[in-house]
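Engineer: My structure is below; once you've seen it, I'll send some questions.
Laid out in structure tokens, this is it:
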């Protein structure tokens with residue numbers, strides 16, 4: 467479907483030996499935005515290719531507000547669908563299922579999100595349900611206790627899968643006292659203590675329109691949709707945003723190498739992260755960082771994957787990532803290998819990272835990475851769901867459509883010299899933070915090589 | 004592509020699909036038998052190329068299990084013009100990305116690229132299909148990769164373990180008996196010769212269907228196909244899979260020990276292949292049982308009785324008769340026998356009382372939304388057209404699917420429930436910690 471308007475531009479790069487792929491400049495399709503009296507920001511983008519509508523909402527109600535009740539944001543988001551003043555849970559489920567519509571609510575680290583997709587003809591029906599969920603949830607006690615009990619069972623089950631839990635361990639290790647260390651899912655100990663009143667309070671304190679946005683993309687008339695949204699959401703009462711800005715507190719940087727060793731007695735492989743502090747989403751170099759990370763560990767032929775998978779067969783895959791929040795973020799390498807090749811694989815990983823700093827990049831590699839990120843960019847904004855989410859992200863992280871409109875220009879502007887600076891500034895050289903999940907009796911000695919070890923059991 | 008807006012009438016039996024019609028798919032077949040389906044779609048400046056080879060774990064035998072999947076990996080490890088590692092380097096340099104997957108029936112290669120790079124993609128494909136070189140050094144490092152793939156799958160999901168056991172019990176003779184990834188000992192012992200024979204037997208242009216969707220004109224696709232793939236010789240058709248799974252005549256039960264917090268339960272009923280007349284009714288039954296929180300099994304097992312934390316069912320396209328699966332994970336302190344009985348109770352209700360008109364309409368509405376989802380992206384278009392062409396024998400069946408679903412009546416659904424959900428036709432698998440009680 468028509469995700470992006472396309473203007474073909476042919477750029478000849480005569481200055482370099484390596485040709486850039488024909489650049490295709492895209493612009494974000496037109497949209498309008500406005501604020502309701504209660505402060506709710508609304509984005510509307512018409513897309514008439516298919517008779518569907520996608521809605522995304524973003525609310526400042528993420529896990530960073532959990533306090534000592536880790537898991538609360540997630541449970542609150544889930545509980546929005548437990549019934550409202552005018553709709554029982556059963557009625558919500560039956561109505562949505564009958565028309566093949568989806569409405570999902572969940573929390574992430576910084577915010578809670580709602581996403582929905584439905585046929586255009588069902589817009590008043592579904593928009594009303596979305597309004598009910600966001601403004602008039604009743605938090606039924608019986609439904610809550612069922613949800614909580616399922617979550618507790620799932621938390622126990624997650625420990626059977628290292629890849630499901632490793633991120634939580636890593637965030638705790640990296641962010642320490644900062645709220646970014648808060649676990650999204652919570653732990654059995656914290657979730658057990660959460661009550662229905664906690665959920666109600668969390669909702670009252672954090673589900674407020676003045677710091678929230680809703681975006682609607684798809685087959686509708688903007689004037690008509692504006693009326694619908696204004697009628698439905700104006701009654702959402704303005705709230706007081708919390709007085710302390712939790713995320714603005716500084717994130718303490720690690721001062722030495724640390725290793726979290728998580729024992730999983732029946733492990734046949736070691737799953738590990740190696741990481742360090744990263745950058746915030748609004749970092750001015752975000753596109754350049756993405757390009758460099760692409761060739762370090764972001765694609766199949768990346769330095770990491772080439773060395774650890776293609777050349778040595780040590781793992782099925784190795785990747786590096788930057789996760790970005792409002793006030794900080796993380797860099798980490800993720801991979802896994804058989805118990806007996808653990809040491810070899812970690813050493814090789816560190817060697818590849820070291821090579822990035824000592825050998826740097828060459829013109830051909832950089833051109834390749836630039837072509838790759840440009841070539842793979844348009845499908846990221848192909849669907850109405852992708853576009854509506856992008857609009858809420860723009861709101862949340864305070865950037866604008868120039869991210870899309872200037873993307874190619876920013877990619878093309880990355881020179882070897884600048885790439886070198888990016889590596890030196892943003893890719894870690896030391897004080898690595900390790901999380902190793904595996905059979906401790908076989909890998910504990912190895913763990914000691916890399917830093918001060920703290921050992922836990924995955925079942926703890 | 005021309006897009007016409009049509010309003011949907013919920014209860015009308017004729018539903019028009021606005022944005023894509025069978026006529027929008029153009030086809031041609033090269034002289035060597037390689038068939039192409041092409042969808043012109045200029046909504047983004049990208050295109051894709053999906054190559055469906057009719058080879059999967061179904062074509063293996065014990066001793067070379069897992070070879071189809073391993074071969075999928077080896078297709079990226081060097082050919083005549085583009086040597087080891089070069090395939091991916093060239094593709095990525097030109098802004099393209101790729102992946103591949105292997106199933107019981109198929110091996111599918113997927114390329115996603117800016118349309119301006121199309122020619123190099125055809126060249127890369129032509130090179131590896133015509134003259135793959137199987138480098139023994141690459142075979143060894145890639146063997147490590149697939150062993151890691153197998154290990155990490157088992158390490159992170161108990162489902163894989165129990166599903167493999169259910170398949171191995173339900174299929175005693177047919178090659179669906181083993182998993183796509185293969186037996187560990189076979190994986191360690193595939194030989195150079197096995198790979199060479201496999202390439203010769205299955206990687207022929209006449210054993211492949213190609214789908215291209217995106218910002219490319221039909222004529223351009225055709226010209227590139229002729230230039231880069233047209234001269235690859237056709238080969239004799241691969242041997243037919245003659246094994247038919249004998250009728251199951253009694254319930255089979257299998258238990259697997261693994262250290263887990265709460266049990267996992269998988270049940271499989273023998274059901275027919277995609278081309279069978281019961282396919283659509285069974286597919287609707289699948290949705291009735293587990294699609295959405297208002298579905299039969301979710302509302303009974305998870306919501307009302309709180310026996311399970313999650314429940315899914317699946318019934319997918321296969322070349323040969325397959326299984327209709329039930330998957331569920333137990334809630335805390337629940338005996339898996341109670342979950343099993345609760346599933347049978349729900350199946351009995353459908354067998355005895357049937358489903359309601361409203362339920363049937365709900366699923367038909369959901370199928371329509373699913374259809375939109377499937378063709379929302381150029382990748383969805385290619386993947387689904389290929390799926391219908393391969394499993395139903397004609398890509399046009401994709402456009403007829405909504406109508407075929409609409410024809411299904413309450414009685415049809417009840418009939419297939421009675422026909423297939425029999426005790427003697429099922430295999431029940433339980434994975435849990437304590438298997439001695």
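Chains as they are written, first to last, in my numbering: chain P, 467 to 926; chain B, 4 to 440.
The beta carbon of each residue, even a glycine, is placed where N, CA and C say it ideally should be.
All figures in this text were calculated on a predicted structure; none of them were measured in a lab.
Which same chain residues, not among the five before or five after residue 811/P, have their C-beta less than 6 Å away from its C-beta?
Structural biologist: In the first chain, the residue the question calls residue 811/P occupies position 345. So the qualifying residues of the chain are 780, 803.
Engineer: Name the chain B residues that come within less than 7 Å of residue 811/P, Cβ to Cβ?
Structural biologist: The residue you call residue 811/P lines up with position 345 of the first chain. Neighbours of residue 811/P on chain B: none; closest Cβ ~10 Å, over 7 Å.
Engineer: Using beta carbons (cut-off 8 Å, strictly below), is residue 488/P in contact with chain B?
Structural biologist: Against the first chain, residue 488/P aligns to sequence position 22. For residue 488/P, the predicted model reports a pLDDT of 49, less than 50, meaning its position is unreliable; a value from the coordinates is still stated below. Interface residue, yes.
Engineer: Using C-beta distances below 8 Å, list every residue in its chain close to residue 75/B, excluding the 5 sequence neighbours before and after it, in chain order.
Structural biologist: Along the second chain, one-based indexing puts residue 75/B at 72. Excluding residues within five positions, the ones whose Cβ falls inside 8 Å are 103, 104, 105, 110, 112.
Engineer: Residue 115/B touches chain P at which residues, Cβ-Cβ below 9 Å?
Structural biologist: As a first step, residue 115/B is located in the second chain; it is residue number 112 there, counting from the start. Per Cβ cutoff of 9 Å: 841, 842, 845.
Engineer: I think residue 270/B touches residue 431/B, with their Cβ atoms under 8 Å apart; what is that distance to the nearest whole Å?
Structural biologist: For the purposes of this step, residue 270/B is taken as residue 267 along the second chain, with counting starting at 1. For the purposes of this step, residue 431/B is taken as residue 428 along the second chain, with counting starting at 1. Contact holds; Cβ gap of about 5 Å.
Engineer: Figure out for me which residue from 801/P, 788/P, 831/P, 895/P has the closest Cα to the Cα of residue 632/P.
Structural biologist: Position 166 of the first chain, counting from 1, holds the residue named residue 632/P. The candidate whose alpha carbon is nearest that of residue 632/P is 801/P.
Engineer: Mark residue 131/B as exposed unless 16 or more other C-beta atoms lie within 10 angstroms of its C-beta, in which case mark it buried.
Structural biologist: For this step, residue 131/B is matched to residue 128 along the second chain. By the 10 Å Cβ count, residue 131/B comes out buried.
Engineer: Check each candidate in 315/B, 97/B, 36/B, 205/B and name the one with the smallest Cα separation from residue 121/B.
Structural biologist: The residue given as residue 121/B occupies position 118 in the second chain. Out of 315/B, 97/B, 36/B, 205/B, 97/B has the C-alpha closest to the C-alpha of residue 121/B.
Engineer: What does DSSP give as the partner residue(s) for residue 105/B in the beta ladder?
Structural biologist: Within the second chain, residue 105/B is the residue found at index 102, counting from 1. In DSSP, residue 105/B forms a bridge with 110/B.
Engineer: Taking Cβ-Cβ distances shorter than 7 Å, what residues in chain P pair up with residue 154/B?
Structural biologist: Indexing the second chain from 1 puts residue 154/B at position 151. Those within 7 Å of residue 154/B in chain P are 734, 735, 804.
Engineer: If you measure between the beta carbons of residue 889/P and residue 822/P, is that distance less than 8 Å?
Structural biologist: Here residue 889/P is taken as the residue at index 423 of the first chain, counted from 1. Here residue 822/P is taken as the residue at index 356 of the first chain, counted from 1. The answer is yes: Cβ separation under 8 Å.
Engineer: Enumerate in chain order the residues of its own chain whose CB-to-CB distance from residue 451/P is below 7 Å, with the five nearest sequence positions on each side excluded.
Structural biologist: Examination of residue 451/P is not possible in this model, given that chain P is present from 467 through 926 alone.
Engineer: Could you check where the beta strand (DSSP E) with residue 726/P kicks off and where it finishes?
Structural biologist: The residue you call residue 726/P lines up with position 260 of the first chain. Start and end: 724-729.
Engineer: Could you give the distance in angstroms between the alpha-carbon of residue 323/B and the alpha-carbon of residue 180/B?
Structural biologist: Here residue 323/B refers to the residue found at position 320 of the second chain. Here residue 180/B refers to the residue found at position 177 of the second chain. Distance between the alpha carbons of residue 323/B and residue 180/B: 12 Å.
Engineer: Measure from the alpha carbon of residue 549/P to the alpha carbon of each residue in 767/P, 603/P, 736/P, 747/P, then state which is nearest.
Structural biologist: As a position in the first chain, residue 549/P is number 83, starting the count at 1. The shortest C-alpha separation from residue 549/P is found at 603/P.
Engineer: If you draw a straight line from the alpha carbon of residue 872/P to that of residue 493/P, how long is it in whole angstroms?
Structural biologist: In the first chain, counting from the first residue as 1, residue 872/P sits at position 406. In the first chain, counting from the first residue as 1, residue 493/P sits at position 27. Distance between the alpha carbons of residue 872/P and residue 493/P: 8 Å.
Engineer: Tell me which residue opens and which closes the beta strand (DSSP E) that residue 206/B is part of.
Structural biologist: Against the second chain, residue 206/B aligns to sequence position 203. That residue, residue 206/B, is in no beta strand (DSSP E); it is neither H nor E in DSSP.
Engineer: Check each residue of the region 81-103 of chain B: if its Cβ is closer than 7 Å to any Cβ of chain P, include it; give the result in chain order.
Structural biologist: Those would be 88, 91, 92, 95, 96, 97, 98, 99, 100, in chain order.
Engineer: Is residue 640/P close to the ligand MN? I mean its beta-carbon at under 7 Å from any heavy atom of the ligand.
Structural biologist: Of ligands this structure carries none, so the ligand MN is not represented either.
Engineer: Could you tell me if residue 299/B is buried or exposed, where buried requires 16 or more neighbouring beta carbons within 10 angstroms of its beta carbon?
Structural biologist: If you number the second chain from 1, residue 299/B lands on position 296. By the neighbour-count rule (16 or more Cβ atoms within 10 Å), residue 299/B is buried.
Engineer: Counting only runs of 3+ residues fully inside the region 879-916 of chain P, write out the beta strand (DSSP E) ranges in chain order.
Structural biologist: Qualifying beta strand (DSSP E) stretches, in chain order: 899-904.
Engineer: Given that residue 365/B touches chain P, what residues does it touch there, using C-beta distances under 9 Å?
Structural biologist: One-based indexing of the second chain puts residue 365/B at position 362. The contacting residues are 560, 563, 564, 565, 566.
Engineer: For a contact defined as C-beta to C-beta under 8 Å, what are the partners of residue 628/P on chain B?
Structural biologist: Here residue 628/P refers to the residue found at position 162 of the first chain. Within 8 Å Cβ-Cβ: 158, 159.
Engineer: In whole angstroms, what is the alpha-carbon distance linking residue 533/P and residue 790/P?
Structural biologist: Against the first chain, residue 533/P aligns to sequence position 67. Against the first chain, residue 790/P aligns to sequence position 324. Computed Cα separation, rounded: 21 Å.
Engineer: Starting from residue 3/B, trace the alpha helix (DSSP H) in both directions and tell me its first and last residue.
Structural biologist: Only positions 4 to 440 of chain B appear in the structure, and residue 3/B is not among them; the question remains open.
Engineer: Would you list, in chain order, the members of the region 318-347 of chain B that have their beta-carbon closer than 7 Å to a beta-carbon of chain P?
Structural biologist: Within the region 318-347 of chain B, the residues whose Cβ lies closer than 7 Å to some Cβ of chain P are 332, 334, 335, listed in chain order.
Engineer: Cα-Cα, which of 201/B, 192/B, 218/B, 313/B is closest to residue 57/B?
Structural biologist: Your numbering for residue 57/B matches position 54 in the second chain. When each option's Cα is compared against that of residue 57/B, the closest is 201/B.
Engineer: Of all the CB atoms in chain B, is at least one closer than 8 Å to the CB of residue 914/P?
Structural biologist: Here residue 914/P refers to the residue found at position 448 of the first chain. False, the Cβ-Cβ gap to chain B never drops below 8 Å.
Engineer: Note down the Cα distance separating residue 666/P from residue 610/P, rounded to an integer number of angstroms.
Structural biologist: For the purposes of this step, residue 666/P is identified with residue 200 of the first chain, where counting begins at 1. For the purposes of this step, residue 610/P is identified with residue 144 of the first chain, where counting begins at 1. Rounded to whole angstroms, residue 666/P to residue 610/P spans 11 Å at the Cα level.
Engineer: Any beta carbon of chain P sitting closer than 8 Å to that of residue 126/B?
Structural biologist: Within the second chain, residue 126/B is the residue found at index 123, counting from 1. Chain P contact via Cβ: absent.
Engineer: Does residue 846/P come out as helix, strand or coil in the three-state DSSP assignment?
Structural biologist: Translated into positions along the first chain, residue 846/P becomes position 380. Helix.
Engineer: Give the residues from the region 52-82 of chain B that approach chain P closer than 8 Å (Cβ to any Cβ), ordered along the chain.
Structural biologist: Within the region 52-82 of chain B, no residue qualifies.
Engineer: Given a threshold of 16 other Cβ atoms within 10 Å of its Cβ, counted over all protein chains shown, does residue 174/B qualify as buried or as exposed?
Structural biologist: To locate residue 174/B, count along the second chain from 1; it is residue 171. When all chains shown are included, residue 174/B counts as buried.
Engineer: Residue 783/P: which of 177/B, 320/B, 154/B sits nearest, CA to CA?
Structural biologist: The count along the first chain starts at 1 and reaches residue 783/P at position 317. Of 177/B, 320/B, 154/B, the residue nearest in Cα terms is 154/B.
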